[in-house]
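Here is the structure we will look at.
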Amino acid sequence: MHLSVEVGKAANEHETAPRRNAKVKDAAATRPLGSNATTVYDYFLECVKKGGKRNAIGWRETVEVHEETKKVTKKVDGKNEQVDKTWSYFELGPYQYNSYDEMEQVMHTYGKGLVAMGLRPGNTERLHIFAATSHKWMKTFLAAQSQAIPVVTAYDTLGEKGLIHSMVQTETKAVFTDNALLQRLVNPVKSAKELQYIIHADVLDPSDKRNGGKFYKEAQAALDKIREARPDLKILSMDDVIQMGKDSDSSIEIHRPKPEDLSCIMYTSGSTGDPKGVVLKHSNIVAGLGGISVVIGRETVNGADRVIAFLPLAHIFELAFELISFYWGATLGYANVRTLSDVSVRKCSGDIKEFKPTVMVGVAAVWESIRKGIMGQVEKLPSLSQKIFWTAYYMKLKMKRFHVPGGDTLGNIIFKKIRQATGGCLKLTLNGGGPISRDTQEFITTLICPMLLGYGLTETMAGGTILSPSHFDYQVQGDLNGAVTVKLVDVDELGYFAKNNQGEILIKGDGVTPEYYKNDKETSSAFNEDGWFQTGDIGEWTHKGQLRIIDRKKNLVKTMNGEYIALEKLESVYRSNGLVQNICVYADQSKVKPVAVVVPNEGPVGNLAVEQGLIKSPDDVRDVIHDKKLRRAVLNELLKTGKSQGLTGIEFLQGVAMFDEEWTPQNGFVTSAQKLQRKKILQAVKDQVDEVYADQ
């Protein structure tokens, strides 16, 4: 187990000895390698000094929104009906950039503007960021750090109740938000009595005719409602605040934070009841970044690299990797999950083709979508071309597995067009935020570039594991983050024992949160009596000393026969089937086996419906999407996938219910991080799920 080392003895027979990355065996990292920073502000200044005139961040502006209306079939009161549905497609301009030097200027000027606006510097008043991922989100975050103003983050898809909770609990003084989200603040501002300022991302311009003038009209209407509800609020654009910083540049000084100062309160998604605010001090964030640098340093990613950024910045995984990109000296290219590919834009290239990233960080849903898109294109090829493709695929797979040279050269020739669809320059991809099937990891690795896995939590500043490119392996979450010490403890009821190198993952380190904000009850239950953070995830030490995630306590459901089913594990397996766009597995505790709610991948499912004799054209698939014969055919294909990936017994699905629409953050069926909103999904198809169980 040479990739991690024991740093003490096991406290008792019910836990493993604590382990640490072998590179930091004497002491866990407290800052990035080669850095002297102890705060986020000082850390970014060091990055600026190294980055200089190189591009730090890039973004695209929206030129226009094109709407297209199509007829779709939808089930209404048990009957299929033709209804109109409108899709919006974005037309975007080219990437424009700020250098590292320019980012420093923006950080300082904007930070001074926040103080000139009325926020007190020095760890006393909170700035809430309620916005989608963008260069303006990051600029706002850094500006606040330069004045020691703690930031509160919340997903732009957080429910109104959760948003109000985060604003009231933190006594938020100011909110930064997107123009498109202003409407979502109308009610929260009534409850957030301490709120004094709203900063909206874009200037409101009556002459803005994009999307038929909706950008301006809808934002202005929302502001009118906010002013009616709270006429005392001071409302400014981001540009207004920056101008205030320029006007008062000499009279306002930088307020440097201290390591023990609060940097961020990050509200976690998916919590039961009110969201929990994870406290992250400057020292926590800097240590977490140091842990990443131990595993992926500048020898792997550097100033020549381009990192595409589109996951929610209110998620610790994305915030950590955007911040560490500055340490690498790379260029961040901001994108949107809706405009990544050419399919979802008009009169321009999608973000990936336009930016040509070398590094891409994503979640399982993104990688599954890319895989299925490639599969769909392959299936359209003539049979001979398909045969050549799959022969080359399996040949490269075997050559890499047995370390036979020439595999990459073969891939560069045969799979060139596929790589061009992802910009043609990717050298590393990273999956985080949840499990992914081996099939998909293998597929992306073989056709495009190595897919690394990562594991971490908001509470550990994303610290847990990262798979090092030099230690690559499949279905291993990877090397220990250099800032953490980890041990495994028995979980008797689930049959995981430390003597077998398995157990619940417990983490310590300078990156770990000290507490949940104003929540002693949750804090005391999250940490054991010795101060170890209890993750609720089940891990296993590999023979190399890496960590593999094998279960999650919170998503384990005990079925009628007393056996446990791991919902996320099953979803990662069944989601890899080409018929599935997305999937939610549900296990009724009074039943033996689970069922699945499936968002169909309409092309392949349409072809299956034709094979079943239900329709003549795949385009008519929505007419039969709930047909029992089709659902049975989909189930049979999913069971084949389950069997091929080693599922057994109660892990096989009992039946399938089909969902009428895609799950998006906009309709609330997934979070911005693409995590399932299980309760809402199941509420929407309760009758279908009951029917599936009743049919068996």
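Using full-length UniProt numbering, you'd call the opening residue of the sequence shown number 1 and step up by one each time. In this text, a Cβ means the ideal position worked out from N, Cα and C, and glycines have one as well. Note that the structure is a prediction, hence the values are computed from the model and not measured.
Count the CB pairs spanning the region 520-534 and the region 290-305 that are closer than 8 Å, and state whether there are at least three. no
What first and last residue would you give for the beta strand (DSSP E) that runs through M238? Along the sequence shown, read from residue 1 onward, the residue named residue 238 stands at position 238. Not the beta strand (DSSP E): M238 falls in the alpha helix (DSSP H), residues M238 to D247.
Does the Cβ-Cβ distance between T446 and I352 come in under 8 Å? Position 446 of the sequence shown, counted from the start, is the residue given in the question as residue 446. Position 352 of the sequence shown, counted from the start, is the residue given in the question as residue 352. For T446 and I352, no; Cβs fall outside 8 Å.
Inter-residue spacing [alpha-carbon to alpha-carbon] between G539 and N501: The residue labelled residue 539 in the question sits at position 539 within the sequence shown. The residue labelled residue 501 in the question sits at position 501 within the sequence shown. If I take the Cα positions, the gap works out to 8 Å.
Indicate whether G333 and R306 have their beta-carbon atoms separated by less than 8 Å. As a working note, residue 333 is residue 333 in the sequence shown. As a working note, residue 306 is residue 306 in the sequence shown. In contact: G333 and R306 (Cβ atoms closer than 8 Å).
On the three-state DSSP scale, how would you describe C584? Numbered from 1 along the sequence shown, position 584 holds the residue referred to as residue 584. If DSSP states are grouped into helix, strand and coil, C584 belongs with the strands.
Using the DSSP secondary-structure output, state which residues sit across from E91 in a beta bridge. In the sequence shown, residue 91 corresponds to position 91, counting from 1. For E91, which the question treats as bridged, DSSP gives the partners E64.
Are the region 540-551 and the region 470-478 in contact at 8 Å, needing three or more beta carbon pairs? yes
If we call anything under 8 Å between Cβ atoms a contact, is R19 one with V363? As a working note, residue 19 is residue 19 in the sequence shown. As a working note, residue 363 is residue 363 in the sequence shown. No, Cβ-Cβ distance for R19 and V363 is not below 8 Å.
Report the residue from P259, G350, K675 and K217 whose alpha carbon sits nearest the alpha carbon of S207. By one-based count along the sequence shown, residue 207 stands at place 207. The option with the nearest alpha carbon to S207 is K217.
Checking the sheet assignment: what are the DSSP bridge partners for I324? Reading the sequence shown from its first residue, position 324 is the one you call residue 324. I324 pairs with nothing; no bridge assigned.
Among T648, G606 and G642, which residue has its Cα nearest to the Cα of L630? Along the sequence shown, read from residue 1 onward, the residue named residue 630 stands at position 630. Minimum Cα distance to L630 is reached at G606.
Comparing alpha-carbon positions, which option in V580, K628 and N302 lies nearest A56? If you number the sequence shown from 1, residue 56 lands on position 56. Among V580, K628 and N302, the Cα nearest to that of A56 belongs to N302.
Where does W541 sit, in a helix, a strand or coil, going by DSSP? To locate residue 541, count along the sequence shown from 1; it is residue 541. It is a strand residue.
Terminal residues of the continuous alpha helix (DSSP H) containing A314? Within the sequence shown, residue 314 is the residue found at index 314, counting from 1. It is not in any alpha helix (DSSP H) - A314 carries neither H nor E in the DSSP assignment.
So, at 7 Å on beta carbons, what are the nonlocal neighbours of G649 in its own chain, with the 5 sequence-adjacent residues on each side left out? By one-based count along the sequence shown, residue 649 stands at place 649. Answer for G649: no residue qualifies.
Measuring alpha carbon to alpha carbon, tell me which residue in E515, P514 and L506 is nearest W541. Along the sequence shown, one-based indexing puts residue 541 at 541. Comparing Cα-Cα distances from W541 to each of E515, P514 and L506, the minimum goes to L506.
Are the Cβ atoms of V63 and H282 separated by less than 8 Å? Here residue 63 corresponds to residue number 63 of the sequence shown, with the count starting at 1. Here residue 282 corresponds to residue number 282 of the sequence shown, with the count starting at 1. Contact: no.
Is the beta carbon of T465 closer than 8 Å to that of L488? Against the sequence shown, residue 488 aligns to sequence position 488. Against the sequence shown, residue 465 aligns to sequence position 465. Not a contact, by the Cβ cut-off of 8 Å.
Give the secondary structure of I650 by DSSP, where H, G and I count as helix, E and B as strand, and everything else as coil. Stepping through the sequence shown from its first residue, residue 650 is reached at position 650. Residue state, collapsed to three classes: helix.
Along the chain, where does the alpha helix (DSSP H) that runs through T16 open and close? Position 16 of the sequence shown, counting from 1, holds the residue named residue 16. Neither: T16 is in no alpha helix (DSSP H) and is coded neither H nor E.
In terms of residues, what are the limits of the alpha helix (DSSP H) holding K347? Residue 347 sits at position 347 when you count from the first residue of the sequence shown. Per DSSP, K347 belongs to no alpha helix (DSSP H) and is neither H nor E.
Smallest Cα separation from V359: which of D408, Y393 and L430? The sequence position of residue 359 within the sequence shown is 359, counting from 1. Measuring from the Cα of V359, the nearest candidate turns out to be L430.
Closest residue to A365 among E46, F415 and K675 (Cα-Cα distance): Here the question's residue 365 lines up with position 365 in the sequence shown. Comparing Cα positions, the closest option is K675.
Over what stretch of residues does the alpha helix (DSSP H) that includes A684 continue unbroken? Taking the sequence shown and counting its residues from 1, the one referred to as residue 684 is at position 684. Per DSSP, A684 belongs to the alpha helix (DSSP H) from R678 to A684.
What does the alpha-carbon distance come out to for the pair V685 and Y586? For this step, residue 685 is matched to residue 685 along the sequence shown. For this step, residue 586 is matched to residue 586 along the sequence shown. Roughly 11 Å separates the two Cα atoms.
In three-state DSSP terms, what is S271? Within the sequence shown, numbered from 1, the residue matching residue 271 stands at position 271. Note that S271 scores a pLDDT of 44, beneath 50, so its modelled location is shaky; the value from the coordinates is reported in the next line. Looking at S271 - three-state DSSP - the assignment turns out to be coil, as it is neither helix nor strand.
Among the residues of its own chain, which have a CB less than 8 Å from the CB of I226, if the five just before and after it don't count? Residue numbering aside, residue 226 sits at position 226 when the sequence shown is read from its first letter. Contacts found: L182, L185, V186, V189, I198, L233 and I235.
For D240, which residues in the same chain have their Cβ closer than 6 Å to its Cβ, ignoring the five residues on either side in sequence? Counted from its first residue, the sequence shown places residue 240 at position 240. For D240, where only same-chain residues beyond five positions count, there are no Cβ hits under 6 Å.
Cutting at 6 Å between CB atoms, please list the residues of its own chain near N284, excluding the five before and the five after it. Translated into positions along the sequence shown, residue 284 becomes position 284. Cβ neighbours of N284 beyond the five flanking positions: M461 and G511.
Have a look at K356, I374, M375 and T140 and flag the residue whose alpha-carbon is nearest the alpha-carbon of K427. Position 427 of the sequence shown holds residue 427. Nearest option by C-alpha distance: K356.
Could you check which residue in T641, W87, C425 and E354 has the C-alpha nearest to that of Q96? As a working note, residue 96 is residue 96 in the sequence shown. Of the candidates T641, W87, C425 and E354, the one whose C-alpha sits nearest the C-alpha of Q96 is E354.
Straight-line Cα distance separating K396 from F415: On the sequence shown, residue 415 is found 415 positions in, with the first residue counted as 1. On the sequence shown, residue 396 is found 396 positions in, with the first residue counted as 1. Taking the straight line joining both Cα atoms gives about 11 Å.
Is E171 near I149, with beta carbons less than 8 Å apart? Position 171 of the sequence shown, counting from 1, holds the residue named residue 171. Position 149 of the sequence shown, counting from 1, holds the residue named residue 149. Not closer than 8 Å, so no.
Is any beta-carbon of chain B found at less than 8 Å from that of S4? Protein chain content of the structure displayed is limited to a single chain, and chain B is not contained in it.
Find the nearest neighbour of T133 within the set V65, A28, E160 and I308, judged by alpha-carbon distance. In the sequence shown, residue 133 corresponds to position 133, counting from 1. It is I308.
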